[in-house]
Amino acid sequence: MNPAVEIAQAAPQVDMSFWTLFWHAHIVVKLVMMGLLAASIWCWSIIIDKTLLYRRTRQDMDSFEEVFWSGRSLEELYRDLANRPVNDMAAVFVAAMREWKRSFENGGRSVASLSARIDKVLDVTIQREAERLESKLLVLSTIASAAPFIGLFGTVWGIMNSFTAIAVSKNSSLAVVAPGIAEALFATAIGLFAAIPALMAYNKLQAEVAKAQNRLEAFADEFSAILSRQIDERLAA
Amino acid sequence: MVSRSEPGLAVSALGHATVLVAGLLAFAGATPLPEHQEAIAVEVIDPSALNQVTRGERQAEKVQEQPQQRAERQSEIVERKEAGEAKQDTPAPPSRPPELKVADDNVAAPLPPARPTPKPTPPAEPVKQPPQKSEQAAAQEAEQRREELAKLAEEAELERKAKQAEQEAKAAAKAKAEAEAQAKAEAAKAAKLKAEAEAKAKAEAEHKAKLAAEAKAKREAEAKAKREAEIAKNFNPNDIAKLLQSKEQAQSSGSSAPQINRTASLGTQTGSSQKLSPSLRAQLMGIIQDQLQKCWNVPIALQSAPKPVVPQVRMKLNTDGSLIGQASVTNSSPDPLFRVAADSALTATRRCSPLRIPAQFAAYYDDWRDVIVNFDARDVL
């Protein structure tokens with residue numbers, strides 16, 4: 166027999182690829198790793214979705230403001246927008262206009278506190294829009310704070326497991342201990358891999374949401390000022 | 025579930041798969057750490073090696089690579105070794121040089137070196153004569169040569185005579201022929217003269233060499249005679265002993281070891297090579313204590329003493345285990361019982377002498393020739 170083959174068989178194959186690290190780990194550590202990987206996938210999907218959503222929102226707001234301040238008749242604009250689902254600024258506009266229309270459709274009986282009602286409607290709509298923008302951001306925050314702990318749990322479990330294995334086999338040479346600890350530490354690595362982007366994205370997206378909300382509120386204030394001027398003019402007329 | 029407005033999940037899953045595959049490819053295996061090198065070379069010495077520290081000298085010039093016991097004579101082959109060790113040092117088998125080829129290599133076996141073709145044995149060259157050969161041989165040779173030369177000369181003479189006769193016969197004939205003959209004769213004469221001169225020079229050189237050799241031999245003989253005369257003149261009968269002594273082989277009571285080693289290595293002067301290992305020491309002390317306690321009549325008062333009274337007895341032993349002189353008590357105590365206990369212990373040492381020391385401890389005599397034994401009544405009970 167070829168001596169080289171014999172040597173190759175005798176020497177333990179030291180394979181430390183990701184797959185080996187995963188495959189040799191304890192079942193609990195495996196579950197932790199898979200959970201963290203799923204969390205990472207989920208968190209990245211949220212990041213991508215939200216980034217796209219905010220970009221779209223910004224573009225919508227820009228185009229709506231352009232149309233709004235172009236001197237077009239508000240009635241006409243309302244008629245255009247009322248029949249289709251609308252978001253953010255357009256939604257605020259439509260909600261306020263609907264309240265306005267409803268108040269004057271009934272022969273102008275309920276005009277006295279119309280300004281206050283419109284403010285309420287605007288507030289509610291802004292709240293709803295902000296909620297829509299903010300949804301799922303909490304998941305990012307949770308993953309960012311919990312993933313390291315979950316990974317740590319996997320590591321502790323793995324190290325515990327390898328120490329019990331040492332105790333049973335009564336062999337504590339580093340070559341025996343090292344693979345088990347490396348596998349266990351892999352869990353923490355995955356935890357950090359999931360947590361770090363989640364934390365950074367959460368902060369960034371949170372800022373984006375705040376910015377959008379501020380913009381909506383500014384628009385709502387302006388729009389409310391326009392409407393109240395109209396109401397006062399009509400009451401005086 | 026994959027909508028166009030929310031492609032996040034698909035993109036994320038795809039991205040993770042890509043990262044995992046890249047990781048699998050990029051981190052396929054761990055690179056082994058660089059070869060570890062000790063910052064400070066540390067040699068671990070076990071207790072038995074420490075016990076075998078060889079004696080060195082503070083004044084030695086340098087530390088030897090492999091310190092050996094200083095030895096002036098070679099000891100007998102049989103060396104005293106600890107029990108369980110081989111009786112002799114067997115030399116390590118010669119290691120195979122790396123350039124030697126391994127047998128199972130698929131290489132044709134090297135051809136045996138071609139047998140040298142038998143050369144025609146050159147004629148035995150005459151051994152060159154040493155410059156100073158024996159007188160007789162030189163004389164003989166010279167004689168021979170002289171004879172040869174004489175023969176040559178005779179032949180030349182004969183020839184010349186024959187030619188002269190011819191010349192005389194031819195003289196009447198032609199002047200030309202005469203001139204020719206004369207030239208020939210002259211040439212022959214020259215040759216003869218030359219040969220004669222050569223022979224003479226050779227003989228002279230030979231003679232000179234002989235004379236020189238003779239002179240030298242004479243001088244030497246004279247010098248020797250002079251020396252002997254001098255010695256004879258200075259002869260003092262009181263020096264006989266000294267003279268005899270100086271002729272003897274150098275004696276020494278120096279140490280001996282398997283190898284002679286005249287240079288001492290650095291080390292402590294008090295370190296000695298044959299020391300009892302801790303376990304052997306404990307064993308030996310146990311053996312001695314056992315024997316002494318069997319000989320010891322423990323005083324009754326000692327057995328019931330509230331405070332233990334333990335006299336320590338120092339014994340000097342011979343190689344056979346017998347006592348040298350008296351044993352002595354090394355410690356003291358104000359306890360009135362102590363005197364009794366010490367006396368009984370000393371009696372026990374006398375009664376037990378000679379102690380039976382097992383043969384395996386004989387090599388360590390230096391270590392146990394002066395022992396201190398505790399006589400503890402509690403051990404006896």
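Going line by line, the protein sequences match chains A and B. Plus 165 on top of the position in the first sequence (first one is 1) and you've got the working numbering. Plus 24 on top of the position in the second sequence (first one is 1) and you've got the working numbering. From the three backbone atoms N, C-alpha and C, an ideal C-beta is built for every residue, glycine too.
Between the alpha carbons of residue 304 of chain A and residue 208 of chain A lies a distance of about 7 Å. Distance between residue 235 of chain A and residue 227 of chain A, taken at the CA atoms: about 12 Å. The beta-carbon distance between residue 197 of chain A and residue 319 of chain A, rounded to whole angstroms, is 3 Å. This is short enough to meet the 8 Å contact definition. By the criterion of at least three beta-carbon pairs nearer than 8 Å, the segment 369–379 of chain B is in contact with the segment 316–328 of chain B. Taking 8 Å as the cut-off, the beta carbon of residue 359 of chain A is found no closer than this to the beta carbon of residue 295 of chain A. Segment contact: the segment 320–336 of chain A against the segment 348–358 of chain A, three or more CB-CB distances shorter than 8 Å; contact assigned. The segment 180–192 of chain B and the segment 230–246 of chain B do not touch, with fewer than 3 CB-CB distances between them shorter than 8 Å. For the 8 Å CB-CB criterion, residue 392 of chain A and residue 283 of chain A form a contact. Within the segment 307–335 of chain A, contact with chain B at the beta-carbon level (separation under 8 Å) is assigned to no residue.
Residue 186 of chain A counts as buried, since at least 16 other C-beta atoms from the protein chains shown sit within 10 angstroms of its C-beta. Residue pairing from DSSP leaves residue 364 of chain A without any beta-bridge partner. At least 8 Å separates the beta-carbon of residue 327 of chain B from that of residue 355 of chain B. Burial is judged here by how many other beta carbons sit within 10 angstroms of a residue's own beta carbon; residue 259 of chain B has fewer than 16 and is exposed. Beta-bridge partners assigned by DSSP to residue 396 of chain B: B/338. As summarised for the segment 257–301 of chain A, the continuous alpha helix (DSSP H) elements at least 4 residues long and confined to that stretch are 279–299, given in chain order. By the CB criterion at 8 Å, residue 211 of chain A and residue 32 of chain B fall inside the cutoff. Residue 202 of chain A has a beta carbon lying within less than 8 Å of a beta carbon in chain B. Against chain A, the beta carbon of residue 60 of chain B has no neighbour under 7 Å; the closest one sits roughly 12 Å away. In the three-state DSSP reduction, residue 205 of chain A falls in the helix class (H, G or I). Under a criterion of Cβ atoms nearer than 8 Å, the residues of chain B adjacent to residue 183 of chain A are, in order, 44, 47, 48 and 51.
Of all residues in the segment 204–218 of chain A, only 205, 206, 207, 208, 209, 210, 211, 212, 213, 214, 215, 216, 217 and 218 place a beta-carbon less than 9 Å from a beta-carbon of chain B. In the DSSP secondary-structure assignment, residue 352 of chain B is bridged to B/338.
By the Cβ-count criterion, residue 199 of chain A is exposed, with fewer than 16 other Cβ atoms from all chains shown falling within 10 Å of its own Cβ.
The segment 239–257 of chain A and the segment 59–71 of chain B do not touch, with fewer than 3 CB-CB distances between them shorter than 8 Å.
In this structure, the straight-line span from the alpha carbon of residue 387 of chain A to that of residue 202 of chain A is close to 47 Å. Among the residues facing chain A, residue 57 of chain B is not included, as its CB has no counterpart in that chain under 8 Å away. Exclusion of the five residues before and after residue 259 of chain A leaves 243, 246, 247 and 251 as the residues of its chain whose Cβ lies within less than 7 Å of its Cβ. Per DSSP, reduced to three states, the secondary structure at residue 361 of chain B is helical.
With the criterion set as a beta carbon lying under 9 Å from some beta carbon of chain A, the segment 375–400 of chain B has no members that meet it.
Its chain contains 370 as the residues whose beta carbon lies nearer than 6 Å to that of residue 215 of chain A, once the 5 sequence neighbours on both sides are disregarded; these appear in chain order.
Contact between residue 257 of chain A and residue 384 of chain A holds: CB atoms are separated by about 7 Å, below the 8 Å threshold. The Cβ of residue 31 of chain B sits closer than 8 Å to at least one Cβ of chain A.
Residue 323 of chain B places its beta carbon less than 8 Å from that of residue 368 of chain B. Per DSSP, the beta-bridge partners of residue 347 of chain B are B/341.
The C-beta of residue 36 of chain B comes closer than 8 Å to at least one C-beta of chain A. In this structure, DSSP gives residue 61 of chain B a state outside helix and strand, which the three-state scheme calls coil.
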